[in-house]
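Reviewing the structure listed below.
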Amino acid sequence: MVLPQRLEADTCAIPTGGPAACGTCRSTSGRHERGIRPGPIPDQDGLLAVRSKFMSDGIVPAGVSLPILRSWERSSMHGLVNGKPRRSETRLTETALKELRERNEELLVSAWGEIVTLCRETQPLGGVVVLTDPNGVVLVRLGDNTFSDEAERLGLCAGGDWSEQAMGTNAIGTAVSERFALSVIGAEHFCNGNTDISCSAVPIIDPCGALAGIIDLSTSVTVAHDYSLPLLKRAANEIERRVFERRYGRFEQMHLHSNPRLLGSPNEGLLAFDSDRLVGANRAAIELIGLSWSAIGVMHFRQLFSVQHASVTRQASADECVVQSAQGSTFFARMQMPRKAQGGAEPSRTIEREPVRPALGEPVGKDALPHVVLETLQTEGGPKLRKMKVGQLVYGANLMDDIGEAILIVASGRYRCFASHEGKELTLFTLGPGDAVPLQPEMVVEVRKEGEAAVVPRALFRRLTRDHPEFGMCILPAVEKMLNRSLTMVGEMAFRSVRYRLIRYLCEMAEHDGRQTSAGVVIDAAPHGDDLAMAIGAARQSVSTVLAELIRTGDVQRPTPRTFVIPDIESLKEELRVLR
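Going by my numbering, the first residue of the sequence shown is number 393, and it counts up by one from there.
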């Protein structure tokens, strides 16, 4: 039996005057139908009978999508007989899982906010959201505790292999093989033990066109998946955008779209250039310009557009400009320059001074910092400080024990603590030496500057504070400081203007990270629009408007996209007092 191979394009090949449905996916809409069918859940017993007949006789049944049929064939060729998976052979050890997560850290950092958002959006369904690596091995699973028990029983857990080779037809493994979004409902699964669940999965494509991973939603088979794929596609699109931004922050970027109102939106195209050579793109840009992924690393600016690279750089870095592709399509574009200081040098960074630590066993003063006291408790079973690498994430949800949340204690380095909702991140506060904070399940901590920190499980924290009151006494002021920061931020979001919040944040950056020069206070490696918006809890457009006004009046200068200069910091502080 010969089935059509996996789809390479979105457009159906419906012959003129021929059959009403596409011969590849049976769509009548002119677009490949890759997802699940809306409407009632298919008859499960009937599907099992159809699958059995298809595998034994090779007769292609009606009503079953060709991607599912192709997957059934592949599953059979992988040697999965009698509908049994290789579950016991495929789960990673803790050490191997840790190494896998480290290799996929870029994906995890970019995806975490979307995973949390999907969990909230799909909470009524009672399912779990899953992120896998490019081979279908689960990196993270988050969601409903009740269904999590069922997922654990099936092996849908961190370190579990859900490729077709291990599990047969399933949304994750089949999305890996077919490289497009799809759903697998109940008895469409090849392995009989998985027929009680339904799954939808969408591939995540990296800026070079390679498969980066899979984002999946799995639920009980009784839950309809009519709207699962649109939610997952939105999440995948945002994850791909964040991967692009992280990977190409130090490259020249072009933002483009045929509609000027969609510049800066999730639908804009993104291109990254090294000099004038194309080194990265997102799916939107590939589709808008009509490129192939093979163009990455090969094509140059002059081959893509009918204008000179230098002229576009001059015009579009200051404002939007109109460019025409080599095929004649017109786009509105904006250029984003690399994150460098003037003269092309890497931005200088201030040195963060660490407090002097007393030797172990030295009496602890009342003003001692939490990590200093913690070091003196090593012999009492206290947790050791561990190295924290730039980009590493600490997930509050993964550190809960039966009593409650863990406590993060910072000895050195710099950390961004944020929450995520509906695809947006909100920076709660920045952590530095001497800070301590309870890690709520919704919180994520990102390491911004390498340092040392300790994570204290709640049960151990209770024991240490009971046996060593001085530890608890130094933790309380640190946590109180974090709480006051949060209350201040919430109050400002409710009662203060965007201008006030932006000026206050700029003044804080100037005090902590600025360097005094004859031109004023210089802030190197300043955050871009998205980071500024997240830091003060405002819309990017509102922040851009206020920042542009500050630059126009001369209160703030921006010699490069990643550098701020504040000529008169006292004048800005005086405006804060007036706005208060």
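Backbone N, C-alpha and C fix where the C-beta goes; we use that ideal spot for every residue, glycine too.
Discussion item. I need the straight-line Cα distance from Phe-665 to Arg-694, nearest angstrom please.
Written reply: Working through the sequence shown from its first residue, we reach residue 665 at position 273. Working through the sequence shown from its first residue, we reach residue 694 at position 302. Roughly 12 Å separates the two Cα atoms.
Item to complete: Might you give, ordered along the chain, the residues of its own chain that have their beta carbon closer than 6 Å to the beta carbon of Gln-784, omitting 5 neighbours on each side?
Response: Reading the sequence shown from its first residue, position 392 is the one you call residue 784. The residues are Val-839.
Discussion item. Using C-beta distances below 7 Å, list every residue in its chain close to Arg-493, excluding the 5 sequence neighbours before and after it, in chain order.
Written reply: Along the sequence shown, read from residue 1 onward, the residue named residue 493 stands at position 101. Counting only Cβ-Cβ distances below 7 Å, and skipping sequence neighbours, we find Leu-500, Leu-531.
Discussion item. Can you list, in chain order, the residues of its chain with a C-beta nearer than 8 Å to that of Met-926? Leave out the 5 residues immediately preceding and following it.
Written reply: Along the sequence shown, read from residue 1 onward, the residue named residue 926 stands at position 534. Answer for Met-926: Phe-810, Lys-816, Glu-817, Leu-818, Thr-819, listed in chain order.
Worksheet item: Relative to the C-alpha of Arg-896, which residue among Met-874, Leu-875, Leu-924, Arg-907 is closest?
Response: Along the sequence shown, one-based indexing puts residue 896 at 504. Of the listed residues, the one whose Cα sits closest to Arg-896 is Leu-924.
Discussion item. Would the stretch 534-553 count as touching the stretch 504-512 if we require 3 or more Cβ pairs under 8 Å?
Written reply: yes
Item to complete: Could you spell out where the alpha helix (DSSP H) holding Pro-459 opens and where it closes?
Response: Taking the first residue of the sequence shown as position 1, residue 459 is located at position 67. Taken as a continuous stretch (DSSP letters only), the alpha helix (DSSP H) holding Pro-459 covers 458-469.
Discussion item. Under 8 Å: do the stretch 510-530 and the stretch 640-649 share three or more Cβ pairs, one atom per stretch?
Written reply: no
Worksheet item: Residues bridged to Ser-590 by DSSP?
Response: Reading the sequence shown from its first residue, position 198 is the one you call residue 590. Paired residues: Ile-577, Thr-611.
Practice prompt. Measuring alpha carbon to alpha carbon, tell me which of Ile-799, Lys-873, Tyr-807, Glu-900 ends up nearest Thr-857.
Written response: For the purposes of this step, residue 857 is identified with residue 465 of the sequence shown, where counting begins at 1. Among Ile-799, Lys-873, Tyr-807, Glu-900, the Cα nearest to that of Thr-857 belongs to Ile-799.
Discussion item. List, from N- to C-terminal side, the alpha helix (DSSP H) runs of 4 residues or more that fit wholly inside the stretch 480-560.
Written reply: 486-495, 497-513, 537-546, 556-559
Discussion item. Excluding the 5 residues flanking Val-456 on each side, which residues of the same chain have their C-beta closer than 7 Å to its C-beta?
Written reply: Here residue 456 is taken as the residue at index 64 of the sequence shown, counted from 1. If we look at Val-456 and ignore the five residues flanking it on each side, its Cβ neighbours are Val-442.
Worksheet item: My guess is that Gln-949 and Val-957 are in contact by the Cβ rule of under 8 Å, so how many angstroms apart are they, rounded?
Response: Translated into positions along the sequence shown, residue 949 becomes position 557. Translated into positions along the sequence shown, residue 957 becomes position 565. Rounded, the Cβ-Cβ distance is 4 Å, consistent with contact.
Practice prompt. Within the same chain, show all residues whose beta-carbon is closer than 7 Å to that of Ala-543, passing over the 5 residues directly before and after it, in chain order.
Written response: As a first step, residue 543 must be located in the sequence shown, where it is residue number 151. Excluding residues within five positions, the ones whose Cβ falls inside 7 Å are Val-520, Arg-533, Cys-549, Ser-610.
Discussion item. Taking the straight line between their C-alpha atoms, what separation do you get for Leu-439 and Glu-498?
Written reply: Counted from its first residue, the sequence shown places residue 439 at position 47. Counted from its first residue, the sequence shown places residue 498 at position 106. The alpha-carbon atoms of Leu-439 and Glu-498 are separated by roughly 39 Å.
Fill in: Cβ neighbour criterion (16 or more within 10 Å) applied to His-904
Here residue 904 corresponds to residue number 512 of the sequence shown, with the count starting at 1. Burial call: exposed.
Worksheet item: In this structure, what does DSSP give as the bridge partners for Pro-830?
Response: Start at 1 with the first residue of the sequence shown, and residue 830 comes out as number 438. DSSP output for Pro-830 lists Ile-799 as bridge partner(s).
Discussion item. Please classify Glu-570 as buried or exposed, where buried requires at least 16 neighbouring CB atoms within 10 angstroms.
Written reply: Locating residue 570 in the sequence shown gives position 178, counting from the first residue. Classification for Glu-570: buried.
Practice prompt. With DSSP collapsed to three states, give me the class of Ser-889.
Written response: Sequence index remark: in the sequence shown, residue 889 carries index 497 (1-based). Of the three classes helix, strand and coil, the one that applies to Ser-889 here is coil, per DSSP.
Worksheet entry | Per DSSP, the bridge partner or partners of Asp-666 | The residue you call residue 666 lines up with position 274 of the sequence shown. Looking at the DSSP assignment, Asp-666 forms a beta bridge with Arg-669.
Item to complete: Could you give the DSSP three-state label for Ile-597: helix, strand or coil?
Response: Here residue 597 refers to the residue found at position 205 when the sequence shown is read from its first residue. Ile-597 falls in the strand class under three-state DSSP.
Discussion item. Distance check for Lys-781 and Ile-678, CA to CA, integer angstroms please.
Written reply: The residue given as residue 678 occupies position 286 in the sequence shown. The residue given as residue 781 occupies position 389 in the sequence shown. Roughly 33 Å separates the two Cα atoms.
Discussion item. Suppose you measure from the CA of Ala-602 to the CA of Arg-778; what does that come to, to the nearest Å?
Written reply: Mapped onto the sequence shown, residue 602 falls at position 210. Mapped onto the sequence shown, residue 778 falls at position 386. Spanning the two alpha carbons is a distance of roughly 33 Å.
Discussion item. I'd like the list of long-range same chain contacts for Pro-432, defined as Cβ closer than 6 Å, with 5 residues on each side in sequence excluded.
Written reply: By 1-based counting over the sequence shown, the position of residue 432 is 40. Its pLDDT being 46, under 50, Pro-432 is placed unreliably by the model, and the measurement read from it follows with that caveat. Correct list: empty, nothing qualifies.
Worksheet item: By how many angstroms is the C-alpha of Arg-954 removed from the C-alpha of Phe-446?
Response: Within the sequence shown, numbered from 1, the residue matching residue 446 stands at position 54. Within the sequence shown, numbered from 1, the residue matching residue 954 stands at position 562. Rounded to whole angstroms, Phe-446 to Arg-954 spans 60 Å at the Cα level.
Worksheet item: Is Arg-426 helix, strand or coil by DSSP?
Response: Against the sequence shown, residue 426 aligns to sequence position 34. Since pLDDT at Arg-426 reaches only 40, below the 50 mark, its modelled position is unreliable, and no value is offered.
Item to complete: Report the rounded CA-to-CA distance for Glu-632 versus Ala-604, giving the unit in angstroms.
Response: Taking the first residue of the sequence shown as position 1, residue 632 is located at position 240. Taking the first residue of the sequence shown as position 1, residue 604 is located at position 212. Cα to Cα, Glu-632 sits roughly 9 Å from Ala-604.
Worksheet item: So what's Ala-604 in DSSP terms, helix, strand or just coil?
Response: The sequence position of residue 604 within the sequence shown is 212, counting from 1. Strand at Ala-604.
Worksheet item: Between which two residues does the beta strand (DSSP E) containing Glu-838 stretch?
Response: By 1-based counting over the sequence shown, the position of residue 838 is 446. Segment 835-841, the beta strand (DSSP E) holding Glu-838.
Worksheet item: So is Gln-557 buried or exposed if we call it buried at 16+ other beta carbons inside 10 Å?
Response: Here residue 557 refers to the residue found at position 165 when the sequence shown is read from its first residue. Its Cβ being crowded by 16 or more others within 10 Å, Gln-557 is buried.
Practice prompt. Using a threshold of 8 Å, state whether the C-beta atoms of Leu-546 and Gly-585 are closer than that.
Written response: Here the question's residue 546 lines up with position 154 in the sequence shown. Here the question's residue 585 lines up with position 193 in the sequence shown. Yes; because the gap between Cβ atoms is below 8 Å, this pair is in contact.
Worksheet item: Looking only at C-alpha atoms, which of Pro-830, Lys-841, Asp-608 sits nearest to Val-847?
Response: The residue labelled residue 847 in the question sits at position 455 within the sequence shown. Taking only the C-alpha atoms, the option nearest Val-847 is Pro-830.
Worksheet item: Whose C-alpha, out of Ser-620, Gln-700, Phe-636, is nearest the C-alpha of Pro-516?
Response: On the sequence shown, residue 516 is found 124 positions in, with the first residue counted as 1. Closest by alpha carbon: Ser-620.
Fill in: Bridge partners - Lys-779, DSSP secondary structure assignment
To locate residue 779, count along the sequence shown from 1; it is residue 387. According to DSSP, which records beta bridges pairwise, Lys-779 is partnered with Glu-844.
Item to complete: Return the chain-ordered list of same chain residues with a C-beta closer than 8 Å to the C-beta of Pro-833, the five sequence neighbours on each side being excluded.
Response: The residue labelled residue 833 in the question sits at position 441 within the sequence shown. Around Pro-833: Gly-788, Ala-789, Met-792, Glu-797.
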